[in-house]
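For reference, the structure discussed in these notes is given below.
There are 2 protein chains.
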Amino acid sequence: MLKNGPVPRYYQLKEIIRQKVTGGQWGPGTPIPSERELCEQYGISRMTARQSITELVNEGYLYREQGKGTFVAQPKITQQLIQLTGFTEDMEARSKRPATQVLNRAMVPADAATATALRIKPGQLLFRVQRLRLANDEPLAVETSLINFIGCEHLMDEDLGHESLYQLLEKKYGQPPLEADQELEARLAGDEEARWLKISRGDPVLLIRRTTYTDRGQPLEFARSFYRGDKYRFYTRLHRK
Amino acid sequence: MLKNGPVPRYYQLKEIIRQKVTGGQWGPGTPIPSERELCEQYGISRMTARQSITELVNEGYLYREQGKGTFVAQPKITQQLIQLTGFTEDMEARSKRPATQVLNRAMVPADAATATALRIKPGQLLFRVQRLRLANDEPLAVETSLINFIGCEHLMDEDLGHESLYQLLEKKYGQPPLEADQELEARLAGDEEARWLKISRGDPVLLIRRTTYTDRGQPLEFARSFYRGDKYRFYTRLHRK
DNA sequence: TGGAACAAGTGGTATATACAACCTGACCAG
DNA sequence: CTGGTCAGGTTGTATATACCACTTGTTCCA
Chain X
1 MLKNGPVPRY YQLKEIIRQK VTGGQWGPGT PIPSERELCE QYGISRMTAR QSITELVNEG
61 YLYREQGKGT FVAQPKITQQ LIQLTGFTED MEARSKRPAT QVLNRAMVPA DAATATALRI
121 KPGQLLFRVQ RLRLANDEPL AVETSLINFI GCEHLMDEDL GHESLYQLLE KKYGQPPLEA
181 DQELEARLAG DEEARWLKIS RGDPVLLIRR TTYTDRGQPL EFARSFYRGD KYRFYTRLHR
241 K
Chain U
1 MLKNGPVPRY YQLKEIIRQK VTGGQWGPGT PIPSERELCE QYGISRMTAR QSITELVNEG
61 YLYREQGKGT FVAQPKITQQ LIQLTGFTED MEARSKRPAT QVLNRAMVPA DAATATALRI
121 KPGQLLFRVQ RLRLANDEPL AVETSLINFI GCEHLMDEDL GHESLYQLLE KKYGQPPLEA
181 DQELEARLAG DEEARWLKIS RGDPVLLIRR TTYTDRGQPL EFARSFYRGD KYRFYTRLHR
241 K
């Protein structure tokens, strides 16, 4: 019997089911209890149980077959790695020790490419920070972020060597990053990248351009990163239709 | 007033709203009619209207704010390009003329890495096809696909130079690809890739490893592709939480 | 003038109910 | 043995209703 409290019932049930799936209690391919059974077991209505299941289906944990039932999906390999994360969270998911070195920061006017990505007029003042990213004390990437929101100039006073930019944006500035579009490209390292990443000119690097959006779909950040090709792989998941 | 017919009402309303959003009739940031207004306008219940809106929110067209309303989101740049597509569909979305040249095909036993990706035992017979992919008559990628499902040996008889592998799997073999996990890595071209792609050894290439799953989460295909770094960018979208 | 209280609007959660569409197995007639 | 029908299970769609949580504007009192 689920309790009426601060946590919605559909969410309580969702977590119970997710536990059984990720905990291996219900293996891949096995049918979960039918919607009507769940109603009765947990003393909730069918529509509520359906909401729990629907969200888990959208998240890829379950799949439905009309007339037959709802089943546990095969777990995906990259389940953990396709979320929008800052560098710090990304490294922790890969069990590496992250570190950051701020190379420089300034308020700068937007150039044409940046203005297009952020959907603003060229020349508008943005906060720019360039950071060297390390994993287990080795340079892994060099990243240039441009941030645009009302009040972004206060970022000049933050300690971005130790505080997560995304955490700051969310908790302190009320600008939670929700989604990002990314473009990936294979390149050869130029002199500048090679120097920072401690590799040779002509070594392979992964160039990632990222535009980050808030929950309103408003562009918040445009970033350009060079990752060492020999030390970094990018994971993603694609969906049909 | 929505009709009761083969198309569900929630889906009819969903398409109506999507049209107004993508057609520019409702610009970004503008509020759409409230759920209660939509009920009345279209003669449906609130839960039905909610289902339409919920799906559009999940697809990124709208966003909700409790107590305020539902609004049109800013359109994303890569909206078209982040779906799971075969090479042919991918090129069409980029307005390039795709072509394919089958280099070889065979039934081969799975090696260790492939067996892990496809979750099968090493040594199991798989269908393998290696194809050169061209865009506007220029070599763009060389791709090796390994396919595993019961009956995959019949693929030996198909004309994969002109027929889409994904279309075949879906329409003729009842194995619709639904999702894929991908790994991307920047590399330097080796002699073999360089020869096929008409580039030089040491030029940058994007190595993509892809595992494709059916709607049951069953691994269906494991593919390894080398894309010319100077002619191809990969797009993706990330979500928080 | 300031602030508290209230009302009306929004989306969020939840219930109870009904029928349609689809799948499976059991049963029966030919 | 084959094929059709039917019953009983499943998910899919849809309605009507209720209350909660949150936002905004107004009203009114101190």
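Here the protein sequences line up with chains X and U, keeping their order. For the record, in the first sequence the residue sitting at position 185 is 185 according to the numbering used here, with numbers rising by one throughout. For the record, in the second sequence the residue sitting at position 75 is 75 according to the numbering used here, with numbers rising by one throughout. For every residue, glycine included, the Cβ atom is placed at its ideal position computed from N, Cα and C. Bear in mind the structure is a predicted one, so any value in this text is a computation, not a measurement.
Bounding residues of the beta strand (DSSP E) (the contiguous stretch that carries residue i)
| i | result |
| --- | --- |
| residue 236/X | 234-239 |
| residue 179/U | 177-188 |
| residue 107/U | 98-109 |
| residue 70/X | 69-72 |
| residue 65/X | 62-65 |
| residue 308/X | Given a span of 1 to 241 for chain X in the structure shown, any question on residue 308/X remains unanswerable. |
Backbone secondary structure at residue i - three-state DSSP
| i | result |
| --- | --- |
| residue 10/U | helix |
| residue 164/X | coil |
| residue 208/X | strand |
| residue 214/U | strand |
| residue 227/X | strand |
| residue 38/U | helix |
| residue 147/U | strand |
| residue 169/X | helix |
| residue 19/X | helix |
Residue i vs residue j beta-carbon contact at 7 Å
| i | j | result |
| --- | --- | --- |
| residue 188/X | residue 208/X | no |
| residue 20/X | residue 52/X | no |
| residue 146/X | residue 139/X | no |
| residue 112/U | residue 186/X | no |
| residue 166/U | residue 86/U | yes |
| residue 129/X | residue 160/X | yes |
| residue 71/X | residue 63/X | yes |
| residue 55/U | residue 239/X | no |
| residue 136/U | residue 96/U | yes |
| residue 243/U | residue 141/U | Only positions 1 to 241 of chain U appear in this structure, which leaves residue 243/U out of reach. |
| residue 169/U | residue 158/U | no |
| residue 88/U | residue 164/U | yes |
| residue 233/U | residue 223/U | no |
| residue 98/U | residue 110/U | no |
| residue 18/U | residue 44/U | no |
Any chain X beta carbon closer than 7 Å to residue i
| i | result |
| --- | --- |
| residue 229/U | yes |
| residue 168/U | no |
| residue 24/U | no |
| residue 173/U | no |
| residue 73/U | yes |
| residue 111/U | no |
Extent of the continuous alpha helix (DSSP H) to which residue i belongs
| i | result |
| --- | --- |
| residue 52/X | 46-58 |
| residue 127/X | That residue, residue 127/X, is in no alpha helix (DSSP H); its beta strand (DSSP E) goes 125-135. |
| residue 158/U | Looking at the DSSP string, residue 158/U is not in any alpha helix (DSSP H), and its letter there is neither H nor E. |
| residue 197/U | 191-197 |
Minimum Cβ-Cβ distance from residue i to chain U less than 7 Å
| i | result |
| --- | --- |
| residue 236/X | yes |
| residue 81/X | Below a pLDDT of 50, predicted positions are generally treated as unreliable, and residue 81/X, at 48, falls in that range; no measurement from the model is reported. |
| residue 98/X | no |
| residue 10/X | no |
| residue 204/X | yes |
| residue 162/X | no |
| residue 184/X | yes |
| residue 63/X | yes |
| residue 218/X | yes |
Contact test: residue i Cβ vs the ligand NAD heavy atom, cutoff 6 Å
| i | result |
| --- | --- |
| residue 24/U | In the structure shown, the ligand NAD is absent, as is every other ligand, since no ligand is present at all. |
Identity of the residues DSSP links to residue i by a beta bridge
| i | result |
| --- | --- |
| residue 87/U | For residue 87/U, which the question treats as bridged, DSSP gives no partner whatsoever. |
| residue 221/U | 147/U, 212/U |
| residue 31/X | 71/X |
| residue 142/X | 132/X, 226/X |
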